[in-house]
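Here the protein sequences line up with chains L and A, keeping their order. Positions 1 to 167 (the working numbering) are the ones given, in order, by the first sequence. Positions 168 to 744 (the working numbering) are the ones given, in order, by the second sequence. Below you'll find the structure, written out as structure tokens, and then a few comments.
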Amino acid sequence: MHNEIFLRYNKNDKSALIPLLQEVQDVYGYLPEDAINEVAEFVGSSVARIYGVATFYNMFRMTPLGANVIKVCRGTACHVKNSANLLFALEDSLKIKAGQTTRDKKFTLELVNCIGACSIAPVITVNEEYYGRIGVKDIPSIIKKYQGKPKVESKDEAANQKQEVVL
Amino acid sequence: MIELTINNIKVKAENGMTILDAAKSVGISIPTLCHIKDLLPSGACRLCSVDVEGSKALIPACAYPVADGMVVDTNSARVRTSRKTIIELLVENHPQDCLICVRNGNCELQTFAGIYGIREHRFAGESKKHAIDISSSSMERDPAKCILCGRCVRVCEEIQKIGAIDFTNRGFQTSVTTPFNKGLSISDCILCGQCILVCPTAALREKSSMKEVTNALNNKKKYTIVQVAPAIRATIGEEYNLPLGSNVTGQLVTALRRIGFKKVFDTNFGADLTIIEEATELISRVSENKTLPMFTSCCPGWVKYIEQTKPNLLGHVSSCKSPHEMEGAILKSYYAKKMGIDPKDIFVVSIMPCTVKKFESHRPELSNNFNQDVDAVLTSRELVRLFKVSGIEFGDLPEDKFDDPLGESTGAAALFGTSGGVIEAALRTAYFKLTGSNLENLEMKEIRGKEGIKEASIKINDLEVNVAVVNGIGHIAKIFDQIEKGESKYHLIEVMACPGGCINGGGQPIHHKPEKIRKRIEALYTLDENSKTRRSHENKSINKLYKEFLGEPNGHLAHELLHTEYYDRKEQLKKKK
């Protein structure tokens, strides 16, 4: 699927690494292992080096995104307004940690340093919607609202399954 | 020439030298943790920071070139405070388990903590938590003990050219790990252990087999046999503060007997046997126009490498088992029969300079009737631990001789421990087999030395035999390239995964004394020079072994016991990846 991307780059050109990874991520929504292996072979670096680069930058994801992305603001204003408790509540009810995706692939939980909506702190966003001045008691109803949304079919199911087997 | 001042001492230095090297030339030592001689500086640890006049910030001495008129202070109050703080921060994020750590007493971080007088926990706080990677049969990786100096990454990438590990994530979460954090066994790692030799802490270490060995020694039903690799006798003295390159063969034998091994044999016997088999195989390959060039197969790291990267060239690898596996196979067949012992009761321990040998000893094809040829492998470091716990001191130990018949060996076998040695030994025997007379000039100076690829040619009858020696797996690419293009002119190519050969193997004593490789190699060359017999085919016990038991070299029984096969691990790895 991503093989045509390689046509636009020169083989063994290490400077092409980041744009290559970005384009691969555009195709899958994350960086599947197979794709990383192929990128490594294409740019002529070790797989370890490519994996290192991919994990260094926040823009690259190693796991597929869930259907809904919840972002918890951990900026100063939200921190003062106890956003940590929102995070714990979300982690508890989704049974995942920040940065992870639920098993049913419905939710991905992420941290953001500042959403830029400090006036309504503490804030979380779900997809493009903002939820400000909320407390722990509001979390169940927000999750429920998105629970029903169908799971987005992943483009590379096989790679997703492999992703779960981590040593 | 440049003149600069370091600590008020006038220093003459070459252009392009670093402050670190210039200071060293006048006996000023600057502490380092991430520096590796001869590799590009990384400046990761900042421990070598010095004050340079005119510069506001501290300057890393390992990366900064000297300049004319430079005034350097390596010992100012600011420098000392900075170094101490660095060590304090590292110590605080390091498991506080020095007393039960395998590198206790030989840890660079511990040494610096002592030197800089760290006496309190000033920065106690969160520390990183990582699981230990025990996936491989040779090595363990403990990222919690990693101080992120990056030496292992650079050795793997720049010297060995493998790149099995690298830095991942960032900030507090940074760790050195394998791709997808899957463990060494599912990576490109060949387990050579060069990373262990440069690791300042115990973040990288061998997987210990001490328990199996001590259990076998304590088990009355087991007939424990030990064999010692050629490279061990020239290095193990270092752990007892003997000078580099001391040959301690005699004392080693006594020590092994004292810790309870029933028989002490010499892997050099297996090396001689390997030479007979390998030379015979080479001759038949040349005369029958089979796949050439032939690669040697003594180095399990190299074998693992070609299985993982170029399985299409596996036909070029000699089918001979490595010397200690041959010896193990003979012990559990010929010797067991001769002594009337059930092979199942024999426990063979190999003392090896190598971490991959542990992996090799577990290879299922290196067995007979589900009985592995070699039951356990100890590295030289583990052996010293076993000696020390048994109260053995080398200084006053009397010397002893190896047991018969698998203790006899020639000078040729001793050379197996160095890069180029296998070829030297093989040619001595191949020459004799083809011409019927002995090679006059035994020492092949062209293939001694530290170059990456060494080559030589020797005239045997009408045939000009071309040989090459690959000194360290990092230099193999050119050879592969030549073979794939069909341009290789060589008949025999020796590959050793570690630079310098087994003498610098991943299981050897850890220290950074200069000249260690050269001195160790010299010890083996001296051993060869002083041997009464210097050609493998002159080994009487081996000739007897063929007469009584094996029949012909490369014959049916020899093939069954002394030869092996290789697997395409590239596909296997791909599936697991």
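Cβ coordinates follow ideal geometry from the N, Cα and C atoms, glycine included. Please read all numbers here as calculations on a predicted model, not as lab measurements.
- Counting C-beta pairs closer than 8 Å gives three or more between the segment 357-365 of chain A and the segment 672-692 of chain A, which meets the contact rule.
- The alpha-carbon of L/T63 is positioned some 15 Å away from that of L/G52.
- DSSP places A/K378 inside the alpha helix (DSSP H), whose first and last residues are 377-385.
- Neighbourhood of A/T345 in chain L, by CB distance below 7 Å: A48, in chain order.
- Partner residues in the beta bridge of A/V238, as assigned by DSSP, are A/T172.
- With a beta-carbon spacing of about 6 Å, A/R595 and A/A579 fall inside the 8 Å limit used to define contacts.
- For A/A331, a Cβ of chain L is located within less than 8 Å of the residue's own Cβ.
- Under the three-state reduction of DSSP, A/T344 is assigned to strand.
- Partner residues in the beta bridge of A/E307, as assigned by DSSP, are A/R372.
- For the segment 401-483 of chain A, the full-length alpha helix (DSSP H) segments reaching 4 residues or more read 416-425, 434-454, 467-476 along the chain.
- For L/F56, the chain A residues whose C-beta falls within less than 8 Å of its own C-beta are F334, T335, N336, R337, listed in chain order.
- Listed along chain L, the residues sitting closer than 8 Å to A/E324 by beta-carbon distance are S46, R49.
- One finds S46, V47, A48 in chain L with Cβ atoms closer than 8 Å to the Cβ of A/D355, taken in chain order.
- Annotated as distal: A/L712 and A/S500, with beta-carbon spacing of 8 Å or more.
- In the structure shown, A/C323 adopts helical secondary structure according to DSSP, grouped into three states.
- For A/S192, no beta strand (DSSP E) segment is defined; the enclosing uninterrupted segment is the alpha helix (DSSP H) at 186-192.
- Taking CB atoms only, L/E33 has a neighbour in chain A less than 8 Å away.
- Within chain A, D333, F334, T335 have C-beta atoms less than 7 Å from the C-beta of L/G52, given in sequence order.
- Per DSSP, reduced to three states, the secondary structure at A/M519 is strand.
- In the structure shown, A/D300 adopts extended strand secondary structure according to DSSP, grouped into three states.
- Here the alpha carbons of A/I640 and L/L109 stand approximately 45 Å from one another.
- In chain order, A422, R425, I426 place their CB closer than 8 Å to the CB of A/I559, counting only its own chain and leaving out the 5 sequence neighbours on each side.
- Closest by C-alpha distance to A/F334, out of A/L498, A/K191, A/S342, is A/S342.
- In the assembly as shown, A/T447 is a buried residue. Its beta-carbon has 16 or more other beta-carbons within 10 Å.
- In the DSSP assignment, A/Q394 falls within the unbroken beta strand (DSSP E) covering 390-395.
- The residues I332, D333, F334, V343, in chain order, have a CB closer than 7 Å to that of A/V320 in the same chain once the five nearest residues on each side in sequence are set aside.
- Within the same chain, Cβ atoms closer than 8 Å to the Cβ of A/T402 are found at P520, S547, I670, Q675, P676, R687, the five residues on either side in sequence being excluded.
- Here A/A244 is exposed: its Cβ has fewer than 16 other Cβ atoms, across all protein chains shown, within 10 Å.
- Beta-bridge analysis with DSSP links L/C73 to L/V112.
- Your pair A/S464 and A/V484 checks out as a contact, with CB atoms roughly 5 Å apart and the cut at 8 Å.
- Counting only runs that start and end inside the segment 597-679 of chain A, the beta strand (DSSP E) elements of at least 3 residues fall at 620-627, 630-638, 659-663.
- Bounds of any alpha helix (DSSP H) do not take in A/A228, whose DSSP letter is neither H nor E.
- By the beta-carbon neighbour count (other beta carbons within 10 angstroms, threshold 16), A/F462 is buried.
- In terms of Cβ geometry, A/P460 and A/I620 do not form a close pair [threshold 8 Å].
- Looking at A/I442, A/L480, A/T416, the one whose alpha-carbon comes closest to that of A/G653 is A/L480.
- Spatial neighbours of L/L20 in its own chain (CB-CB distance under 8 Å, excluding positions within 5 residues in sequence) are listed in chain order as I5, F6, Y9, V39, F42, V43.
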